[in-house]
Each structure stands twice: as C-alpha cells, then as structure tokens.
Amino acid sequence: MFKNLKNLSLLALIILALLYQFVCAPGIRKIRDLNRMYVQKQKDLETLNNLISQYKSKTKQADVIFAPENFNLYLFVSKTLESNGLKSSVSRITPVTENILLNAVEQHITIALEDVELAKLLNFFEDIEEKQFLTFGYLQISRNPQKQFFVKAEMEIISYKSNGK
Numbered sequence: 483m484f485k486n487l488k489n490l491s492l493l494a495l496i497i498l499a500l501l502y503q504f505v506c507a508p509g510i511r512k513i514r515d516l517n518r519m520y521v522q523k524q525k526d527l528e529t530l531n532n533l534i535s536q537y538k539s540k541t542k543q544a545d546v547i548f549a550p551e552n553f554n555l556y557l558f559v560s561k562t563l564e565s566n567g568l569k570s571s572v573s574r575i576t577p578v579t580e581n582i583l584l585n586a587v588e589q590h591i592t593i594a595l596e597d598v599e600l601a602k603l604l605n606f607f608e609d610i611e612e613k614q615f616l617t618f619g620y621l622q623i624s625r626n627p628q629k630q631f632f633v634k635a636e637m638e639i640i641s642y643k644s645n646g647k
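Numbering (my numbering), first residue to last: 483 to 647.
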C-alpha cells in the first residue's frame, strides 16, 4: 500500500512538474514579455503625443502675414544667397511666378543648390525664417555620395503680398 501511494505521489509530482514546465512557465514568460511590451508601447505613445503637440504648437498660424509692398522676392533671395556664400552653389533658379488669389498675390521662386556645406545651408534657412512672411513650399535635401561633407538642396520659397483691393 505504501509503495502504491508512493508511486501515486511520485506520478502526481511528475505530472505537476510537466504541467508547470510546459503550461505555466511559457504562459508566465508570455505575460512578462507582454508587460514589457506594454510599458515600451506606453513610452512610445507618450513620445509620439509630445511630438504631435510640439508640431501643433509650432505650426499654429493665426493669420497670413503679408510682405511689404516694396518687397522683391528675387532680390531678397539673391542677396541672402550672396551673404551666405552660396551664390556659386546655385545650379538652378526659376524666376518669380505670381498667382493672384482673392486678397493676395502669391509669389514662388524655386532654387536648386549643389555641393553646399550644411552650416551655410542652415544659415540660409535662418535668414529665410527670420522673415515671417516667407514660407517653404517644399524642401528636399539629399547627401552627395561623392563628397561626403556636402549636400544638395532643392526648395521652393513662397511669399504673399497684399492685393491692395
């Protein structure tokens, strides 16, 4: 009777060990992994929400700011390029095109720069951003594979003038 009870206890212990090994342990590991993943996803969500709020606060513009009547977009861009030492890097520049809107005149100029140092390009961008009535229509910067310290940039700069009507 003791042998039978001993064998039965040993069998029950083996069954419990196997259940723990193949059922409980993987489940516990999955729960731990899910908890770690949940914490990471929460951090990612918080980071994304912060980035979204920063983007919204930076892109808020109450009204369109108009350029002064005597403002010449082509002249401003050429002077800014020259003051930043980028005049020799200009590969293409399109003349100013004007679109007449309801209460404003929209002016566009497209510039392509090649073999530009990033520091000079950033100074150029700062000069443009100082003028609150200038915006970028698009901006594309790509790395130069042959000259690793130079970039290529293509951009469209837009200004709005009051229509005066």
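No residue lacks a Cβ here, since even glycine has one placed at the ideal position from N, Cα and C.
Cβ shell of residue i (< 7 Å), same chain only, five flanking positions each side left out
i: leucine 568; result: Leu595, Val598, Lys602 and Phe606
i: valine 633; result: Val598, Leu600, Leu603, Ile623, Ser624, Arg625 and Asn626
i: lysine 629; result: Asp597
First and last residue of the uninterrupted alpha helix (DSSP H) at residue i
i: phenylalanine 607; result: 600-612
Neighbourhood of residue i by C-beta, 6 Å cutoff - its chain only, sequence neighbours within 5 removed
i: leucine 555; result: Val578, Gln589, Ile591 and Ser641
i: isoleucine 593; result: Ile575 and Met637
i: aspartate 609; result: Thr562
Assumed close pair residue i, residue j - CB separation to whole angstroms, cut-off 8 Å
i: phenylalanine 548; j: lysine 643; result: 6 Å
Residue span of the beta strand (DSSP E) that contains residue i, given as start and end
i: asparagine 585; result: Here asparagine 585 belongs to no beta strand (DSSP E), and DSSP marks it neither H nor E.
Close-in-space but distant-in-sequence residues of the same chain around residue i (CB under 8 Å, 5 per side omitted)
i: alanine 586; result: Val546, Phe548, Tyr642, Lys643, Ser644 and Asn645
i: arginine 518; result: none
i: serine 565; result: Asp609
i: glutamine 614; result: Ile547
> Touching or not, the segment 532-544 and the segment 565-580, by the rule of three or more beta carbon pairs under 8 Å?
Replying inline: no
> Can you give, in chain order, each stretch of the alpha helix (DSSP H) that sits fully within the segment 530-577 and has at least 4 residues?
Replying inline: 555-565
> Hey, is the segment 637-644 in contact with the segment 609-627, meaning 3+ C-beta pairs nearer than 8 Å?
Replying inline: yes
> Whole beta strand (DSSP E) runs in the segment 609-642 with 3 or more residues, listed along the chain?
Replying inline: 616-625
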